[in-house]
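Chemist:
Protein chains: 2
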Amino acid sequence: MSIPPSRALESIRGSAIRDLLAVTERPGVLSLAGGLPATDLIPTGRIAVAAQRAIADASALQYTASTGVARCREAIAHLQCAAPEQILITHGSQQALSLLAQALVDPGSTVVVDDPVYVGALQSFQAVCARIVALPITGAGTNVAELETRLRSGLRPRIVHTVSNFHNPSGVTASAHTRIRLAELADQYGFLAIEDDPYGALRFTGDPIDPIPGDRVIRLGSASKILAPALRVGWMQAPPSIVGMVERLRQSADLCGSAFSQLMTADLLSDTGWLADHVDRLCAQYRVRATALTDALDRHLGGRIDWRPPEGGMFCWARLHDVDTSNLLPAALYQGVAFVPGRAFAVSDDLGEYLRLSFATLPPAELDEGVRRLATALDHL
Amino acid sequence: MSIPPSRALESIRGSAIRDLLAVTERPGVLSLAGGLPATDLIPTGRIAVAAQRAIADASALQYTASTGVARCREAIAHLQCAAPEQILITHGSQQALSLLAQALVDPGSTVVVDDPVYVGALQSFQAVCARIVALPITGAGTNVAELETRLRSGLRPRIVHTVSNFHNPSGVTASAHTRIRLAELADQYGFLAIEDDPYGALRFTGDPIDPIPGDRVIRLGSASKILAPALRVGWMQAPPSIVGMVERLRQSADLCGSAFSQLMTADLLSDTGWLADHVDRLCAQYRVRATALTDALDRHLGGRIDWRPPEGGMFCWARLHDVDTSNLLPAALYQGVAFVPGRAFAVSDDLGEYLRLSFATLPPAELDEGVRRLATALDHL
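Sequence lines, in order, name chains D and G.
All residue numbers for the first sequence refer to the UniProt record's numbering, where the first residue is 1 and numbers rise by one.
All residue numbers for the second sequence refer to the UniProt record's numbering, where the first residue is 1 and numbers rise by one.
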């Protein structure tokens with residue numbers, strides 16, 4: 001029996017990262033590959049309390065509105081300084097990307113992404129057969145100068161997508177100028193900017209930068225990185241007209257989210273004193289881990305590797321000169337360490353010398369050991 | 001600011017049922033409209049125990065595989081007499097419909113549905129711009145005779161969808177002959193049959209009928225109706241090649257489901273003694289409620305209404321001769337009762353005299369009062 005896939009499915013690039021998970025879950029492999037937040041930093045006890053509180057009311061276990069439970073929309077709106085009508089709760093912020101792509105993008109419509117790209121975003125736009133235009137990211141975020149040149153030459157994207165803080169995978173944070181310019185171009189040329197921001201709260205050095213301004217911006221956020229991935233609570237903040245469009249589509253996608261999970265999340269996000277302390281602890285720990293990783297890169301790979309010093313988030317983007325990191329990966333796995341080769345995130349550029357290293361998942365000693373193994377793999381290449 | 005919707009979004013019919021929810025949630029309205037299982041029959045205490053057990057291990061709060069947590073796939077496979085590799089866990093079975101439509105249907109591809117149709121399925125196929133062919137359902141389920149005639153005349157669907165047990169909204173259960181014939185036609189003409197079965201366990205009279213046989217069948221199931229909707233656990237059972245295709249698409253849709261929720265579900269589904277008792281209690285209660293509803297139809301609307309006696313599930317499909325039930329609805333809401341007019345489920349037929357009444361949501365006394373109000377509304381029409 002041979003079942004042909006749809007053209008939409010055929011146009012999606014497989015995620016090397018997800019495929020790697022199978023390997024990295026093998027015992028003995030230290031994974032610098034995944035985007036998993038630290039399991040030992042998930043506030044399990046507080047979440048268990050939230051679960052018991054939510055379940056006390058059986059209506060927490062019923063269906064709920066496609067936009068989300070009112071109490072959770074309000075808690076998120078408060079956090080985002082937005083109105084509840086601007087918030088739609090999704091099954092992780094990946095679902096927001098997927099629903100926005102389906103609601104706003106026709107086959108052949110242009111979508112602009114950064115290069116390297118967050119692969120989940122690329123896949124969502126590929127799944128609706130968008131025409132992808134990738135602009136090489138700069139140290140100040142989305143390449144707004146290049147974007148403007150292309151817009152002047154007639155490029156008319158429906159959407160420009162970026163991860164504004166601690167970009168996955170490049171680690172770059174968009175400057176205030178980039179954000180303001182992107183908003184101006186969105187107004188001038190009539191596209192929507194998607195500001196994908198799962199990592200913004202995880203800043204451990206430097207000052208936060210205001211989000212992209214204006215009313216042609218859709219902001220995506222997530223509870224996965226600050227509370228727990230299994231809550232599967234993400235959200236979009238958008239003009240109510242777009243919330244209405246996504247709400248309508250969501251009925252066919254999965255009817256609604258989990259009232260139980262959203263009530264737990266509302267409890268956690270509304271406990272502002274606890275939340276602030278918890279996020280402070282997370283940032284402090286991630287700073288320790290980022291330093292452990294970069295110290296290890298110095299110690300074991302000094303002179304052979306360059307990297308962008310992480311200011312937050314979960315990833316360190318690095319470059320091994322004259323090494324094809326896709327070829328390095330099998331050797332690294334053999335030594336018991338995993339990472340993601342740059343090419344997994346490349347759209348138009350090659351990025352074959354780059355690699356993404358996560359410092360979030362492992363404790364400091366294992367980060368050091370992982371880098372030591374990586375150096376051994378490189379020696380054996 | 002005017003943002004154009006995608007053609008896909010424009011082609012989705014709004015769900016009158018979901019739109020009605022806003023009205024039916026007004027205090028004082030008795031809802032015979034929604035597809036909500038009885039909140040008072042949700043096993044809250046046992047679910048709370050499952051939540052505490054699952055959360056004891058912090059890995060329950062991490063990301064998980066796109067196909068689902070192994071333990072939950074195994075529990076579902078056991079329930080379905082299938083292999084775990086045939087199971088993919090989705091965010092409710094609605095997500096399975098949506099992902100299957102995206103993975104298997106190209107714009108313009110033909111999909112066959114029953115008329116009346118489960119609106120969520122229709123929307124999922126509309127969202128990928130399928131060509132919809134609706135065949136009037138018979139008392140024995142999908143109209144396989146008409147389907148065969150159309151296939152002989154050259155119809156080549158990718159998918160034939162049906163709700164096999166206690167069809168939503170018509171209440172029909174497909175006969176053994178219908179199921180076998182559908183499987184034969186699937187083999188002969190190369191389409192896939194989707195056997196959507198959220199209600200099969202809720203049989204309170206008559207004998208269960210074996211599922212559609214063969215290897216061109218995708219079976220969808222759900223924990224929403226037997227455990228709780230907020231678990232958001234549904235599943236598909238399909239050949240591993242199709243599981244693989246949907247897994248790949250799911251990465252762009254929402255990455256993965258909730259490990260927490262799936263571990264809770266695995267706990268509940270594996271507790272087979274408790275589960276059997278719980279489902280028996282549900283069936284007994286739903287039988288009482290179905291009888292309360294049809295007794296009330298006799299009492300308050302006798303001679304003016306026909307209905308199909310429910311054998312299970314949650315719905316009673318009824319017909320008021322020479323009444324346009326879409327016109328009746330505002331009068332009914334004014335009297336404080338809600339139902340769904342037949343036209344909400346119609347594809348090619350008119351079904352203007354039909355209505356869907358849910359007996360699952362309300363206790364017996366309120367079902368009687370709801371029907372009394374419906375009769376009053378009819379008198380005032």
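No residue lacks a Cβ here, since even glycine has one placed at the ideal position from N, Cα and C.
Only a predicted model underlies this, so the values are computations on that prediction, with no experimental measurement involved.
Could you tell me the boundaries of the alpha helix (DSSP H) in which Glu146(D) lies?
Modeler: Val144 to Arg152
Chemist: Report the residues of the region 304-320 of chain G with a CB closer than 7 Å to any CB of chain D, ordered along the chain.
Modeler: none
Chemist: Per DSSP, which residues does Tyr354(D) bridge with? Please list them.
Modeler: Beta-bridge partners assigned by DSSP to Tyr354(D): Arg319(D).
Chemist: For chain G, check one thing: does any of its Cβ atoms lie closer than 9 Å to the Cβ of Leu30(D)?
Modeler: no
Chemist: List, in chain order, every chain D residue whose beta-carbon is nearer than 8 Å to that of Val105(G).
Modeler: In chain order: Ser6.
Chemist: Which two residues bound the contiguous beta strand (DSSP E) that contains Met236(G)?
Modeler: Gly234 to Gln237
Chemist: For Gly312(G), list the residues DSSP reports as bridge partners.
Modeler: Partner(s): Arg203(G).
Chemist: What is the DSSP secondary structure of Ser222(G), reduced to helix, strand or coil?
Modeler: Ser222(G): strand per DSSP, three-state reduction.
Chemist: Please state the DSSP three-state secondary structure of Val133(G).
Modeler: strand
Chemist: Which residue's Cα is closest to the Cα of Phe260(D): Pro330(G), Thr44(G) and Leu79(G)?
Modeler: Thr44(G)
Chemist: Is the region 252-268 of chain G in contact with the region 71-79 of chain G, if contact means three or more CB pairs nearer than 8 Å?
Modeler: yes
Chemist: Pick from Pro107(D), Val111(D), Leu202(D) and Gln126(D): whose alpha carbon is nearest that of Thr162(D)?
Modeler: Val111(D)
Chemist: What does a CB cutoff of less than 7 Å around Arg53(D) pick up in its chain, not counting 5 residues either side in sequence?
Modeler: Asp267
Chemist: So with Cβ pairs under 9 Å, would you call Ile194(D) a contact of chain G?
Modeler: no
Chemist: For the candidate residues Ala145(G), Lys225(G), Glu146(G) and Gly206(G), whose alpha-carbon lies nearest to that of Asn168(G)?
Modeler: Considering only alpha carbons, the answer is Lys225(G).
Chemist: Please check if any C-beta of chain G sits within less than 9 Å of the C-beta of Phe260(D).
Modeler: Chain G has a Cβ within less than 9 Å of the Cβ of Phe260(D).
Chemist: DSSP three-state label for His177(G), please.
Modeler: Here His177(G) sits in helix by DSSP.
Chemist: Using CA coordinates, which residue listed in Ala346(D), Val233(D) and Arg150(D) is at the minimum distance from Pro116(D)?
Modeler: Ala346(D)
Chemist: Alpha carbons only, please: which of His278(G), Arg299(G) and Ala338(G) is nearest the one belonging to Arg46(G)?
Modeler: Arg46(G) has its Cα closest to that of His278(G), out of His278(G), Arg299(G) and Ala338(G).
Chemist: So, are the CB atoms of Pro37(D) and Thr361(D) less than 9 Å apart?
Modeler: yes
Chemist: Do Ala103(D) and Ser11(G) have their C-beta atoms closer together than 9 Å?
Modeler: no
Chemist: Helix, strand or coil: how does DSSP classify Val119(D) here?
Modeler: helix
Chemist: Starting from Glu195(G), trace the alpha helix (DSSP H) in both directions and tell me its first and last residue.
Modeler: Segment Leu192 to Asp196 is the beta strand (DSSP E) holding Glu195(G); no alpha helix (DSSP H) there.
Chemist: What residue ranges within the region 36-110 of chain D form continuous alpha helix (DSSP H) runs of no fewer than 4 residues, ordered along the chain?
Modeler: If you keep only unbroken alpha helix (DSSP H) runs of at least 4 residues inside the region 36-110 of chain D, you get 44-55, 70-80 and 93-104.
Chemist: Span of the beta strand (DSSP E) holding Thr162(D)?
Modeler: In the DSSP assignment, Thr162(D) falls within the unbroken beta strand (DSSP E) covering Ile159 to Val163.
Chemist: Which of the three DSSP states is assigned to Thr138(D) in this structure?
Modeler: In the structure shown, Thr138(D) sits in a strand (DSSP, three-state: E or B).
Chemist: Leaving out the 5 sequence neighbours to the left and right, which residues in its chain are closer than 6 Å to Gly206(D) when beta-carbon positions are compared?
Modeler: Same-chain partners within the cutoff: Glu311.
Chemist: If I follow the unbroken alpha helix (DSSP H) through Ile242(G), where does it start and stop?
Modeler: Judged by DSSP secondary structure, Ile242(G) falls within the alpha helix (DSSP H) whose first and last residues are Pro240 to Ala253.
Chemist: Assuming Leu293(G) and Leu357(G) make a contact with CB atoms under 8 Å, what is their CB distance in whole Å?
Modeler: 6 Å
Chemist: Report the CB separation of Thr331(D) from His380(D) in whole angstroms; it is logged as a contact under 8 Å.
Modeler: The residue you asked about is not Thr; residue 331(D) is Ala in the sequence shown. Indeed, because the Cβ distance is near 6 Å, the residues count as touching under 8 Å.
Chemist: Closest to Asp368(G) by C-alpha separation, out of Leu9(G), Pro4(G), Ile3(G) and Leu30(G), would be which residue?
Modeler: Leu30(G)
Chemist: Rounded to whole angstroms, what's the CA-CA distance from Leu88(G) to Gln80(G)? Just pull it up for me.
Modeler: Take the alpha-carbon of Leu88(G) and the one of Gln80(G): they are about 12 Å apart.
Chemist: Using DSSP bridges, identify the partner residues of Trp307(G).
Modeler: Secondary-structure assignment with DSSP links Trp307(G) through a beta bridge to Ala318(G).
Chemist: Is the Cβ of Gln62(G) closer than 9 Å to any Cβ of chain D?
Modeler: So, interface residue.
Chemist: Measure the alpha-carbon distance for Thr67(G) versus Gln95(G) and round it to whole angstroms.
Modeler: 13 Å
Chemist: Hey, out of Ala186(D), Gly221(D) and Glu184(D), whose CA is closest to Leu202(D)'s CA?
Modeler: Out of Ala186(D), Gly221(D) and Glu184(D), Gly221(D) has the C-alpha closest to the C-alpha of Leu202(D).
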